[in-house]
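Asks: Per my numbering, the very first residue in the sequence shown carries number 9; after that it's consecutive.
Structure incoming, see below.
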Amino acid sequence: RAATSTHLPALLAEEAESGFIVRQYIDGHVVQDLINSGTMRLTERIDLCGHVLEATSSLFAQFHDWPDGARVIRDFKPRNLVSQADSGKVILVDVGGVRAERAMVPRNRRKSRIGTGSWRYWPPEQLLEDETELDRRADYFALGSTMFAILFGSPPYLNKSMSPTILSDYTAR
Numbered sequence: 009r010a011a012t013s014t015h016l017p018a019l020l021a022e023e024a025e026s027g028f029i030v031r032q033y034i035d036g037h038v039v040q041d042l043i044n045s046g047t048m049r050l051t052e053r054i055d056l057c058g059h060v061l062e063a064t065s066s067l068f069a070q071f072h073d074w075p076d077g078a079r080v081i082r083d084f085k086p087r088n089l090v091s092q093a094d095s096g097k098v099i100l101v102d103v104g105g106v107r108a109e110r111a112m113v114p115r116n117r118r119k120s121r122i123g124t125g126s127w128r129y130w131p132p133e134q135l136l137e138d139e140t141e142l143d144r145r146a147d148y149f150a151l152g153s154t155m156f157a158i159l160f161g162s163p164p165y166l167n168k169s170m171s172p173t174i175l176s177d178y179t180a181r
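Here it is in structure tokens:
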């Protein structure tokens, strides 16, 4: 079943065999670019947070209540969100990372998860690919990290690489 929501670009074409899809172009501003601009007033940041909460209310309900088992967005972050130019409505433009909750860890695990900076919006369970703890709560962690970035102008984690002790600290519990 294809995901349909007013907070996703409309699906224009799909080829099931190749996994090829075409979605509608969204005229607006990438939320990450708005954050990086440094020109947003606090009232604009708060307004944008309201639009993000409206979008997640709809998106999380749809994905997390999927009929044959929850789906998790897994890559909810400012770079994947567009604020529409005319209304400010927030659209999730990248759903390539969506996975069934019971299969959130990719088959081909990466040796490094740091390069893109996406990890700054992930819970430790996702970063470390801990299948025993990883579930839809990852989307809520990402939402909190995204809201932090909108309000304060940067993601909650600023370091460019993961601390060498994070794995040992996490697995020692």
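Backbone N, C-alpha and C define an ideal beta-carbon position, used for all residues, glycine too.
Bear in mind the structure is a predicted one, so any value in this text is a computation, not a measurement.
Could you please give the first and the last residue of the uninterrupted beta strand (DSSP E) stretch that includes residue 206?
Replies: Past the boundaries of the shown model lies residue 206; the chain is included only from 9 to 181, so the question cannot be answered.
Asks: By DSSP's criteria, residue 49 is part of a beta bridge. Which residues make up the other side?
Replies: BP columns for residue 49 are empty, so no partner.
Asks: In the structure shown, what three-state DSSP assignment does residue 69 receive?
Replies: The three-state secondary structure of residue 69, taken from DSSP, is helix.
Asks: Quick one, which of 134, 34, 93 and 110 has its alpha-carbon nearest residue 102's?
Replies: 34
Asks: Could you say which of 65, 90, 71 and 53 lies nearest to residue 156 if we only look at CA atoms?
Replies: Among 65, 90, 71 and 53, the Cα nearest to that of residue 156 is on 53.
Asks: CB-CB under 7 Å to residue 142, same chain, minus the five flanking residues each way: which ones, in chain order?
Replies: 112, 113, 133 and 134
Asks: Relative to the alpha-carbon of residue 140, which residue among 153, 130 and 109 has its alpha-carbon at the smallest distance?
Replies: Checked all of 153, 130 and 109; the closest Cα to residue 140 is 109.
Asks: Beta-carbon within less than 6 Å of residue 29's beta-carbon, same chain only, minus the 5 sequence neighbours each way: which residues are those?
Replies: Residues of the same chain with a CB within less than 6 Å of the CB of residue 29, apart from the 5 flanking positions on each side, are 22 in chain order.
Asks: Pick helix, strand or coil for residue 15, following the three-state DSSP scheme.
Replies: coil
Asks: Would you report the Cα separation of residue 13 and residue 68, rounded to the nearest angstrom?
Replies: 11 Å
Asks: Here's a check: name, in chain order, each residue in its chain whose Cβ is nearer than 7 Å to the Cβ of residue 153, leaving out the five neighbours to either side.
Replies: 128, 129, 163 and 164.
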